[in-house]
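Going down the list, the sequences are from chains Y and X.
Oh and the first sequence: position 58 is 58 in the UniProt record's numbering, straight run, nothing missing.
Oh and the second sequence: position 188 is 188 in the UniProt record's numbering, straight run, nothing missing.
Where a beta carbon is used, it is the ideal one built from N, C-alpha and C, also for glycine.
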Amino acid sequence: MDTFVQLVVNGLGKGAVFALLALGFVIIFKATEVVNFAHGSLVLFGGYLVVVTRETLGWAGAAVVGVLSAGLLALLVERLLLSRSRLASPFSLALLTIGVDVIITEEIVRRLGVSLPFIGDAWDAQPLQVGGVTMFRTHLVAIVVATVLITLFFLAFRYSNWGIAMRAQAENKEAAALSGVRSWVVTSSAWLVAGLLAGVAVLFIATQDFSGAGLSRGTHSIALAAFPAAIIGGLDSTAGAVVGGLVVGLVDALSTEYVSFAFAKSAVFLVMLVVLVVRPSGLFGTKETTRV
Amino acid sequence: MLTVRNLRVRYGRSVSALHGIDLDVPDDGVLAVLGSNGAGKSTLLRAVSGTLGLHRGSVTGGEIHYDGTRLDKLDPAAVVRQGVVGVPEGRQIFARMSVEENLRAGGIGARSAAERTAASRRVHELFPVLADRASQRAGLLSGGEQQMLAIGRALMSSPRLLLLDEPSLGLAPKIVERIAAIIRDIHEQGTAVVLVEQNAVMALGVADHAAVLEVGTLALSAPADELAESEDVQRLYLGGHAESEAEAERQVEAAHEQRSAKRRLSRWSG
Chain Y
1 MDTFVQLVVN
11 GLGKGAVFAL
21 LALGFVIIFK
31 ATEVVNFAHG
41 SLVLFGGYLV
51 VVTRETLGWA
61 GAAVVGVLSA
71 GLLALLVERL
81 LLSRSRLASP
91 FSLALLTIGV
101 DVIITEEIVR
111 RLGVSLPFIG
121 DAWDAQPLQV
131 GGVTMFRTHL
141 VAIVVATVLI
151 TLFFLAFRYS
161 NWGIAMRAQA
171 ENKEAAALSG
181 VRSWVVTSSA
191 WLVAGLLAGV
201 AVLFIATQDF
211 SGAGLSRGTH
221 SIALAAFPAA
231 IIGGLDSTAG
241 AVVGGLVVGL
251 VDALSTEYVS
261 FAFAKSAVFL
271 VMLVVLVVRP
281 SGLFGTKETT
291 RV
Chain X
1 MLTVRNLRVR
11 YGRSVSALHG
21 IDLDVPDDGV
31 LAVLGSNGAG
41 KSTLLRAVSG
51 TLGLHRGSVT
61 GGEIHYDGTR
71 LDKLDPAAVV
81 RQGVVGVPEG
91 RQIFARMSVE
101 ENLRAGGIGA
111 RSAAERTAAS
121 RRVHELFPVL
131 ADRASQRAGL
141 LSGGEQQMLA
151 IGRALMSSPR
161 LLLLDEPSLG
171 LAPKIVERIA
181 AIIRDIHEQG
191 TAVVLVEQNA
201 VMALGVADHA
211 AVLEVGTLAL
221 SAPADELAES
231 EDVQRLYLGG
241 HAESEAEAER
251 QVEAAHEQRS
261 AKRRLSRWSG
């Protein structure tokens, strides 16, 4: 029983991080209809900035710089590349993000060389004993941080003018424009928020507790689990992104323990396939309808 | 005053939709734009409100000015901030959002919080049903209520010029009459209106001036009552689709009745 509780906490901890990533993924998709394949590179970029500024700024300062840098990079990708291709289809823009992803990822991996630095200094490798259960501090902090950020996001999404504008544009771009919604503000802010969330996520991913590996190409691969998380929840559903993230985290933790580490990697995609067969638009996604 | 001069619009690289349109809408005017499908009526409104790009269209010639500001170089949000607001064809409310959220979205283009509050009060006076259904999902409203919401949403930014694209589309005759009365009220409160319609009876009943578009060109432009008398217009737009001569005469009569019910203008103070 203790093992199960530990697995669930670990799964929720990982899931909280995947939820942050999937939420960013979904926000961009809702605002622009673009599937952002460069999300993994935003994660790596934020982590890399933590690594290079940690010595001079200390961990906390470096973490802030990393998070802001990931947000800024996302904003620049949108402003300098995507916004200039306004007439391109979302499919072309998705291909563009693959190009961005390859360039940024390869450059950071080249710069990291053989070093695989861990970047969760404030909480990594300091397990907690609660009753008879051992818990990773990283996962507990991840749950708290993700809960706070996701709650703040949903409050803003539901009640602020920014949220109203974002939802209006996601539902009907023309009507939103006619209501005075500045499309570029919505689009840029979506990329900025997604980048910031990616920057936060990497502080938990490149840790011994989460992956047992430091910042590397592997961090990018782990971040890609945000993709099945977003698909499971429904690509256009912010609430679905959170649920999808938690599902991915739990499936990963439970299947690693009860089946095998190798199977856990495919289990997430297996769950995604089952969801797609049963509900093609994801658990909370909008069903596509056509008036005939 | 809205001034359109020699406006040319193209969709993609080859489809030319407007071939040099000239129009004026005075600050206290209601202009009806009539024409059959494909005449370029909606294209004209898209050009004014800056949304052509969303339909892969572009202005290839001519100019659109509103009170000295050139509109055809502005994005849609900037056009709204100039006081020119459109209600698109098919209502296009935000169906998954509540009625109140739809109105809040409309208020994003308002120039100040005070203006937004005043506009909100005015919208609820004009459309009490929207206050009753504030928390209801907009997609669950009836067609007429959705049209009211679409107009209310546009009024939330206190427009000086309202562009209405076929507000009667798909609505029952009684609801069309209500919408016509509402347009008169809005105009009476000081908002100029461009009304694109296929329902010429309704449009000529509300407007003081009318223009007829035919395949991208301006075929006729005259005071609405003169156009209502015009044999061509009666044949093409008032009686042309009637199933009998008596029906045609009834439609012409209805247009005259609606015209005589018009009230005098006053200013929109929202």
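Can you give the Cα-Cα distance for residue i and residue j, rounded to whole angstroms?
i: X/Gln147; j: Y/Ala165; result: 20 Å
i: X/Met1; j: X/His55; result: 26 Å
i: X/Pro128; j: Y/Ala168; result: 23 Å
i: X/Val87; j: Y/Val247; result: 42 Å
i: Y/Arg54; j: Y/Gly61; result: 7 Å
i: Y/Ala91; j: Y/Ser85; result: Position check: residue 91 of chain Y holds Phe in this sequence, whereas Ala was assumed. For Y/Phe91 and Y/Ser85, the distance between alpha carbons rounds to 12 Å.
i: X/Leu265; j: X/Ala222; result: Only weak support exists for where X/Leu265 lies, its pLDDT of 41 falling under 50; the value from the coordinates is given anyway. Distance between the alpha carbons of X/Leu265 and X/Ala222: 19 Å.
i: residue 293 of chain X; j: X/Gly139; result: Absent from the model: residue 293 of chain X. The displayed extent of chain X is 1 to 270, so no value can be given.
i: X/Phe94; j: X/Val84; result: 20 Å
i: Y/Leu196; j: X/Glu89; result: 38 Å
i: X/Leu164; j: Y/Lys30; result: 28 Å
i: Y/Ser216; j: Y/Thr286; result: 36 Å
i: Y/Ala177; j: X/Ala77; result: 6 Å
i: Y/Thr187; j: Y/Gly40; result: 19 Å
i: Y/Gln129; j: Y/Phe37; result: 39 Å
i: Y/Val274; j: X/Glu145; result: 41 Å
i: Y/Ala94; j: Y/Ala190; result: 16 Å
i: Y/Val193; j: Y/Leu73; result: 11 Å
i: Y/Asp2; j: Y/Leu254; result: 13 Å
i: Y/Ala70; j: Y/His220; result: 14 Å
i: Y/Gly58; j: Y/Asp209; result: 21 Å
i: Y/Phe118; j: Y/Ala170; result: 38 Å
i: X/Ala134; j: Y/Gly132; result: 52 Å
i: X/Ala242; j: X/Leu52; result: Any answer about X/Ala242 is weak, because its pLDDT of 45 lies below 50 and its placement is not dependable; what the coordinates show is given next. Between X/Ala242 and X/Leu52, the C-alpha separation is close to 34 Å.
i: X/Val196; j: X/Leu18; result: 15 Å
List the endpoints of the continuous beta strand (DSSP E) containing residue i.
i: X/Pro88; result: Careful: X/Pro88 lies outside any beta strand (DSSP E) and carries neither H nor E.
i: X/Pro128; result: Note, X/Pro128: premise wrong, no beta strand (DSSP E); alpha helix (DSSP H) at Pro128 to Asp132.
i: X/Asn6; result: Leu2 to Tyr11
i: residue 301 of chain Y; result: With chain Y running from 1 to 292 in the structure shown, residue 301 of chain Y is simply not present.
i: Y/His139; result: Premise fails: Y/His139 lies in the alpha helix (DSSP H), Arg137 to Tyr159, not in any beta strand (DSSP E).
i: X/Ala219; result: Thr217 to Pro223
i: X/Ala39; result: Careful: X/Ala39 lies outside any beta strand (DSSP E) and carries neither H nor E.
i: X/His209; result: His209 to Glu214
i: X/Gln198; result: Taken as a continuous stretch (DSSP letters only), X/Gln198 belongs to no beta strand (DSSP E), as it is neither H nor E.
Would residue i pass as a contact of residue j if the rule is Cβ separation under 9 Å?
i: Y/Ile143; j: Y/Gly233; result: no
i: X/Val4; j: X/Ile64; result: yes
i: Y/Leu203; j: Y/Ala63; result: yes
i: X/Ser92; j: Y/Asn161; result: In the sequence as presented, Ser is not what sits at residue 92 of chain X; that position holds Gln. Cβ distance not < 9 Å, so X/Gln92 and Y/Asn161 don't count as in contact.
i: X/Gly57; j: X/Asp72; result: no
i: X/Arg46; j: X/Arg81; result: no
i: X/Leu34; j: X/Ala203; result: yes
i: Y/Val51; j: Y/Gly199; result: no
i: X/Val30; j: X/Val194; result: yes
i: X/Leu218; j: X/Ala211; result: yes
i: X/Gly190; j: X/Ser157; result: no
i: X/Gly107; j: X/Ser98; result: no
i: X/Gly170; j: X/Ala39; result: no
i: Y/Val259; j: Y/His139; result: no
What are the start and end residues of the alpha helix (DSSP H) that includes residue i?
i: Y/Ala90; result: One detail in the question is off: residue 90 of chain Y reads as Pro in this sequence, not Ala. Pro90 to Leu112 is the extent of the alpha helix (DSSP H) around Y/Pro90.
i: Y/Thr187; result: Ser183 to Ile205
i: Y/Thr56; result: His39 to Leu76
i: residue 272 of chain X; result: An answer regarding residue 272 of chain X cannot be provided, because it is not within the stretch 1 to 270 covered by chain X.
i: X/Ala17; result: No alpha helix (DSSP H) contains X/Ala17, which is instead part of the beta strand (DSSP E) from Val15 to Val25.
i: X/Ala32; result: That residue, X/Ala32, is in no alpha helix (DSSP H); its beta strand (DSSP E) goes Val30 to Leu34.
i: Y/Leu178; result: Lys173 to Leu178
i: Y/Val35; result: Counting along the chain, Y/Val35 falls outside any alpha helix (DSSP H), and DSSP gives it neither H nor E.
i: Y/Ala283; result: Here residue 283 of chain Y turns out to be Leu, not Ala, going by the sequence shown. First-last for Y/Leu283: undefined, no H or E at that position.
Name, in chain order, the residues that DSSP records as bridge partners for residue i.
i: X/Val80; result: BP columns for X/Val80 are empty, so no partner.
i: X/Gly62; result: None; X/Gly62 has no bridge partner.
i: X/Leu162; result: X/Val85 and X/Val193
i: Y/Val247; result: Y/Val247 pairs with nothing; no bridge assigned.
i: X/Thr69; result: X/Tyr66
i: X/Ser98; result: X/Arg137
i: Y/Val133; result: Y/Val130
i: X/Gly57; result: X/Tyr11
Just to confirm, does residue i get its C-beta within under 8 Å of one of the non-hydrogen atoms of the ligand COA?
i: Y/Ser89; result: For the ligand COA, the structure offers nothing, since it holds no ligand at all.
Identify the contact partners of residue i in chain A, using a Cβ-Cβ distance below 9 Å as the criterion.
i: X/Pro223; result: Among the chains of the structure shown, chain A does not appear; the protein chains present are Y and X.
Taking Cβ-Cβ distances below 8 Å as the criterion, which residues of the region 138 to 168 of chain Y are in contact with chain X?
Asn161, Ile164, Ala165, Arg167 and Ala168
Under 9 Å, CB to CB, which of the residues in the region 78 to 112 of chain X have a partner in chain Y?
Ala78, Val79, Val80, Arg81, Val85, Gly86, Val87, Pro88, Arg91, Gln92, Ile93, Phe94, Ala95, Arg96, Met97, Glu101, Asn102, Arg104, Ala105, Gly106, Gly107, Ile108, Gly109 and Ala110
Taking Cβ-Cβ distances below 9 Å as the criterion, which residues of the region 148 to 167 of chain X are in contact with chain Y?
Ala150, Arg153, Ala154, Met156, Ser157 and Leu163
Near-chain X residues of the region 180 to 210 of chain Y (beta-carbon distance less than 9 Å), N- to C-terminal order:
Gly180, Val181, Arg182, Ser183, Trp184 and Val185
Output, in sequence order along the chain, the residues in the region 38 to 51 of chain X whose CB is closer than 8 Å to any CB in chain Y.
Ser49, Gly50 and Thr51
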